[in-house]
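What follows is a single structure, written as structure tokens, with notes after it.
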Amino acid sequence: MRIGVDYYPEQCGRSLWESDADLMQQTGVEVVRLAEFAWCRLEPQEGCFDFGWLDDIIGILTERGIGIVLCTPTNCPPLWFYEKYPEAVQTEKDGHKTRTGIRGHRCINNTDFLRYAERIIDVMTKRYADNASIIAWQIDNELEANFCFCETCIGKYRRWLKDKYTTLEAVNVAYGNAMWSGEYSSWEQIQPPFGSYPDPWLNPSYMLDYNRYASDSVTEHINWQAELIRRRFPHTPVTTNVWFCRNMPNFYDEFRGLDFISYDNYPTTKLPDNSEECYSHAFHLDLMRGVKRSKFWIMEQLSGGLGCWAPMGRTPSPGMIKGYSLQSFAHGADTVVHFRWRNAAGGAEMHWHGLIDHSNVPGRRFAEFAELCKETKTLKAVRDTEIYSDVAILYSPEDEYAFKIQPQTNGMYYLEQPMLLHSAFTKHGLNVDVIHQCEELSGYKIVVAPEMYLTNETAVKRLYEFAENGGTVILTDRSGVKDKFNKCIMQQLPTVYRSLIGAYIEEYDPIGYDNAAIRLSDGSVYKCRQWCDIIQPETAETVATYDSEFYKGKAAITRNRYGSGTVYYIGTVCEKSLYNRLVKDILVNTGIPYVDGLPDNVEITTRTGDGIEARFIFNNTNKEQRFMLDGGEVCLAPFEMKTDIKEG
Ligand code: GLA
Ligand code: ZN
Numbered sequence: 000m001r002i003g004v005d006y007y008p009e010q011c012g013r014s015l016w017e018s019d020a021d022l023m024q025q026t027g028v029e030v031v032r033l034a035e036f037a038w039c040r041l042e043p044q045e046g047c048f049d050f051g052w053l054d055d056i057i058g059i060l061t062e063r064g065i066g067i068v069l070c071t072p073t074n075c076p077p078l079w080f081y082e083k084y085p086e087a088v089q090t091e092k093d094g095h096k097t098r099t100g101i102r103g104h105r106c107i108n109n110t111d112f113l114r115y116a117e118r119i120i121d122v123m124t125k126r127y128a129d130n131a132s133i134i135a136w137q138i139d140n141e142l143e144a145n146f147c148f149c150e151t152c153i154g155k156y157r158r159w160l161k162d163k164y165t166t167l168e169a170v171n172v173a174y175g176n177a178m179w180s181g182e183y184s185s186w187e188q189i190q191p192p193f194g195s196y197p198d199p200w201l202n203p204s205y206m207l208d209y210n211r212y213a214s215d216s217v218t219e220h221i222n223w224q225a226e227l228i229r230r231r232f233p234h235t236p237v238t239t240n241v242w243f244c245r246n247m248p249n250f251y252d253e254f255r256g257l258d259f260i261s262y263d264n265y266p267t268t269k270l271p272d273n274s275e276e277c278y279s280h281a282f283h284l285d286l287m288r289g290v291k292r293s294k295f296w297i298m299e300q301l302s303g304g305l306g307c308w309a310p311m312g313r314t315p316s317p318g319m320i321k322g323y324s325l326q327s328f329a330h331g332a333d334t335v336v337h338f339r340w341r342n343a344a345g346g347a348e349m350h351w352h353g354l355i356d357h358s359n360v361p362g363r364r365f366a367e368f369a370e371l372c373k374e375t376k377t378l379k380a381v382r383d384t385e386i387y388s389d390v391a392i393l394y395s396p397e398d399e400y401a402f403k404i405q406p407q408t409n410g411m412y413y414l415e416q417p418m419l420l421h422s423a424f425t426k427h428g429l430n431v432d433v434i435h436q437c438e439e440l441s442g443y444k445i446v447v448a449p450e451m452y453l454t455n456e457t458a459v460k461r462l463y464e465f466a467e468n469g470g471t472v473i474l475t476d477r478s479g480v481k482d483k484f485n486k487c488i489m490q491q492l493p494t495v496y497r498s499l500i501g502a503y504i505e506e507y508d509p510i511g512y513d514n515a516a517i518r519l520s521d522g523s524v525y526k527c528r529q530w531c532d533i534i535q536p537e538t539a540e541t542v543a544t545y546d547s548e549f550y551k552g553k554a555a556i557t558r559n560r561y562g563s564g565t566v567y568y569i570g571t572v573c574e575k576s577l578y579n580r581l582v583k584d585i586l587v588n589t590g591i592p593y594v595d596g597l598p599d600n601v602e603i604t605t606r607t608g609d610g611i612e613a614r615f616i617f618n619n620t621n622k623e624q625r626f627m628l629d630g631g632e633v634c635l636a637p638f639e640m641k642t643d644i645k646e647g
């Protein structure tokens, strides 16, 4: 396990570099990421390269034994480039060119941009080809599947459709274009979405495909850059850094051709008022580990209060900097790189706080970071361990797109139910994998399949087989709704899952912000919200019925035997305590060992390897927590992580 920092020598004075590097070395920093926005310093004028400063800082860091992650600087071509090639700037949906002056303006399909990008990558990789300090490459920075409406991108989108459907007729059928006389009779009629989602006027099938195209376009660009880097760095791992943004590409495609995942992790510094609300960091970390089903990096990690495109937010309270970093290790991170070493004194991000403030006096946050570096060294033995889970939660980026395109009802969003169920398993001290819905399921005991909205044959087949062979499945509302084109399936819901759940949905009530109630057989009553599937059991038994509305007494949650397995169907969105209760019953029934009585937001994960088991116990709250574990009392300070390592 290693700690690193993101460093911007080009943004601070040369006089600081040596002392910064000394302090990094003394503190225990082992990795530094450089240059992702530095193109204008590397090529200040067209074809005139200046790598002296980069050689200098790489040398300074190398002398101190620090490894370098070098980035392709393609996020920000210099302004001289845009001046010469104004077409290379992205085009907005109103046909205007994006104004330069922020970052990430380039159209990644523009041929002039690609030519200049290829040259800078070539010059850079050639220069450092023999440099053993370069331990990894990062492509660009947080590439987003932005919609660019330039002629090149429009042409590319039409070609993507031709490759996929061959004929216009097939496109018309796939999209249901008979609606509103929308049938295409020439390829030129096909336009990108000159609206933004959710836009109820735009055809959801077309919108989903456009998202797929935009994501494919980013993936193609990433693979193109990876290939350029590997020409001179065939053995050095290549990555790109991602976050959960509005136009996020499909991570599974994006990383398929890369060597490891890196994720930008900024857990909240302002804790939610509602203690019911689960913190989602652990879920996102588990999801990132699941993208390649392997260890990952955090390429940017919270270091101070945020403030750039929004007013400044709360500074991390004591324990957060160290705790959130260790939490990443507990969920399978291998290296955590903190963003950023020091605050920028100038530029838009001057109030996005790094480890060292403008005063240049290392303070409370830095002291905590130094402790983190020390503690990380004690975890070296854990580096080759993996996380094994009995429980998997299925996730689909396409379902997430589809929910964004067509919000199902007020307040409902795709990730909420996976996160509620994730938190219920976490509450019982279990490792949880979050994996793509088409992954192989053997080896798991419980598979949570929330909102299986767009129907994917592989996923359906795997779930049936899993249940048949004795697994426990939890399905929820909004499953089996659409075909792969994002069109409704004309069958009783949940269509393809009907025999798996042993029931069908008679009718549904999207209650949005209203509340309804459900009752369990012991008489206990819980609130539910957003969505009510009125379930008609066939072979299934009823676990809960509605306790309000015109469907009072009808089934809301069911359980079915399928093959030698068990399948639950939760037809509504429940309050958190009900998920905790259901999950506990399921754990008892499946015989999976669990921890009872953990306080909310205390997380336990385990990493195991050859003769080693490390158990991480994390207090993800701002209060001291005391609880019993293995017959003894554990007391954790706010955001404290305790690590037990058993060897031999
Ligand atoms: C992102 C970017 C960084 C920086 C941080 C904080 O994660 O990758 O360059 O902008 O946000 O602002
Ligand atoms: Zn474009």
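Just so we're aligned, residue 0 is where the sequence shown starts under numbering that gives the first Met the number 0, counting upward by one.
Built from N, CA and C at the ideal position, the CB exists for glycine as well.
All of these numbers come straight from a predicted model, not from anything done at the bench.
Any non-hydrogen atom of the ligand GLA closer than 7 Å to N246 Cβ: The residue you call residue 246 lines up with position 247 of the sequence shown. No.
Beta-carbon proximity list for I138, same chain, < 6 Å, skipping 5 on both sides: By 1-based counting over the sequence shown, the position of residue 138 is 139. Same-chain partners within the cutoff: T71, I221, Q224 and T239.
Among F259, Q300 and Y265, nearest to S293 - alpha-carbon criterion: Reading the sequence shown from its first residue, position 294 is the one you call residue 293. Looking at the Cα atoms, F259 is the closest of the given residues.
Nearest neighbour of F626, chosen from K645, P310 and V601 [CA to CA]: Stepping through the sequence shown from its first residue, residue 626 is reached at position 627. Comparing Cα-Cα distances from F626 to each of K645, P310 and V601, the minimum goes to V601.
Reference L492; option with closest CA among C527, N559, I533 and C152: Locating residue 492 in the sequence shown gives position 493, counting from the first residue. It is I533.
Beta-carbon proximity check, V241 vs E141, cutoff 8 Å: Here residue 241 is taken as the residue at index 242 of the sequence shown, counted from 1. Here residue 141 is taken as the residue at index 142 of the sequence shown, counted from 1. Going by C-beta atoms, V241 is nearer than 8 Å to E141.
Residue range of the beta strand (DSSP E) that includes H350: Stepping through the sequence shown from its first residue, residue 350 is reached at position 351. Premise fails: H350 is in no beta strand (DSSP E) and is neither H nor E.
CB-CB length for F112 against R105, believed under 8 Å: Position 113 of the sequence shown holds residue 112. Position 106 of the sequence shown holds residue 105. Yes, they are in contact, since the Cβ atoms of F112 and R105 sit about 5 Å apart, within 8 Å.
Three CB pairs or more closer than 8 Å across the segment 330-337 and the segment 295-302: yes
Range of the contiguous alpha helix (DSSP H) that encloses T26: For the purposes of this step, residue 26 is taken as residue 27 along the sequence shown, with counting starting at 1. It spans W16 to T26 - the alpha helix (DSSP H) in which T26 sits, taken as one unbroken run.
beta-carbon N130 near the ligand GLA non-hydrogen atom, thresh 7 Å: Translated into positions along the sequence shown, residue 130 becomes position 131. Not so, every heavy atom of the ligand GLA lies at least 7 Å from the Cβ.
Continuous beta strand (DSSP E) assignments of at least 3 residues falling wholly in the segment 161-232: none
Which listed residue (T384, Y212 and D432) has its alpha carbon closest to that of V290: For the purposes of this step, residue 290 is taken as the residue at position 291 of the sequence shown. The option with the nearest alpha carbon to V290 is D432.
Buried/exposed call for C47, threshold 16 Cβ in 10 Å: What you label residue 47 is simply residue 48 of the sequence shown in a count that begins at 1. Flag for C47 reads exposed.
Helix, strand or coil at A37 according to DSSP, with G and I counted as helix: Translated into the one-based positions of the sequence shown, residue 37 becomes position 38. Coil, per DSSP.
Meets three-Cβ-pair contact criterion under 8 Å: the segment 347-355 and the segment 301-316: Yes, since at least three Cβ pairs between the segment 347-355 and the segment 301-316 fall closer than 8 Å, the two stretches touch.
Contact set for L305: own chain, Cβ-Cβ below 8 Å, skip 5 residues either direction: As a position in the sequence shown, residue 305 is number 306, starting the count at 1. So the list reads Y265, T268, M311, G312, W351 and H352, once near-sequence residues are dropped.
Euclidean distance between Cα positions of G469 and P449: Position 470 of the sequence shown holds residue 469. Position 450 of the sequence shown holds residue 449. Going from the Cα of G469 to the Cα of P449 covers about 19 Å.
C-beta neighbour in chain C for I153, strict 8 Å: Given the protein chain composition of this structure (a single chain), no chain C is represented.
Short Cβ contact (8 Å threshold) for I611 with L635: Translated into the one-based positions of the sequence shown, residue 611 becomes position 612. Translated into the one-based positions of the sequence shown, residue 635 becomes position 636. In this structure, L635 does not lie closer than 8 Å to I611 by Cβ.
Validate contact between the segment 10-25 and the segment 76-92 using beta carbons, cut 8 Å, 3 pairs: Judged by Cβ distances under 8 Å, the segment 10-25 makes no contact with the segment 76-92, as fewer than three pairs qualify.
M411 - DSSP class collapsed to helix/strand/coil: Position 412 of the sequence shown holds residue 411. The answer is coil: DSSP assigns M411 none of H, G, I, E or B.
Residues that S293 bridges to, as DSSP identifies them: As a position in the sequence shown, residue 293 is number 294, starting the count at 1. The partner list for S293 (beta bridge, DSSP) is empty, contrary to what the question assumes.
Ordered list of beta strand (DSSP E) runs contained in the segment 329-397, each at least 3 residues: Annotation: the segment 329-397 contains the following complete segments of the beta strand (DSSP E) (minimum length 3 residues), in chain order: 332-337 and 390-394.
Supposed contact pair N246 and E143 - C-beta distance, whole angstroms, cut 8 Å: Walking along the sequence shown from the start, residue 143 turns up at place 144. Walking along the sequence shown from the start, residue 246 turns up at place 247. Confirmed, about 5 Å.
C-alpha distance - A169 paired with S214, whole-angstrom precision: Position 170 of the sequence shown, counted from the start, is the residue given in the question as residue 169. Position 215 of the sequence shown, counted from the start, is the residue given in the question as residue 214. About 22 Å.
Cβ-Cβ distance between N69 and A34 below 8 Å: As a first step, residue 69 is located in the sequence shown; it is residue number 70 there, counting from the start. As a first step, residue 34 is located in the sequence shown; it is residue number 35 there, counting from the start. Note that residue 69 is Leu in the sequence shown, not Asn. Contact: yes.
Identified DSSP bridge partners for M287: Within the sequence shown, residue 287 is the residue found at index 288, counting from 1. None, per the DSSP bridge assignment.
Any non-hydrogen atom of the ligand ZN closer than 7 Å to Q89 Cβ: Here the question's residue 89 lines up with position 90 in the sequence shown. Indeed, a heavy atom of the ligand ZN lies less than 7 Å from the Cβ.
S520, DSSP secondary structure in three states: Position 521 of the sequence shown, counting from 1, holds the residue named residue 520. In the structure shown, S520 sits in coil (DSSP, three-state: anything other than H, G, I, E or B).
Separation of E548 from P637, as counted between CA atoms: Along the sequence shown, one-based indexing puts residue 637 at 638. Along the sequence shown, one-based indexing puts residue 548 at 549. Rounded to the nearest angstrom, the two C-alpha atoms are 42 Å apart.
C-alpha distance - Y578 paired with F282, whole-angstrom precision: Within the sequence shown, residue 578 is the residue found at index 579, counting from 1. Within the sequence shown, residue 282 is the residue found at index 283, counting from 1. In a straight line, the C-alpha of Y578 is about 16 Å away from that of F282.
Segment contact flag, the segment 21-33 with the segment 362-377, C-beta cutoff 8 Å, min 3 pairs: yes
Y561 versus L474 - alpha carbon distance: Against the sequence shown, residue 561 aligns to sequence position 562. Against the sequence shown, residue 474 aligns to sequence position 475. Each residue's Cα considered, the two are about 13 Å apart.
E467 - containing beta strand (DSSP E), residue span: Counted from its first residue, the sequence shown places residue 467 at position 468. Here E467 belongs to no beta strand (DSSP E); instead the alpha helix (DSSP H) covers E456 to E467.
N222: CB within 7 Å of a non-hydrogen atom of the ligand GLA: For this step, residue 222 is matched to residue 223 along the sequence shown. Checking the Cβ of N222 against the ligand GLA gives no.
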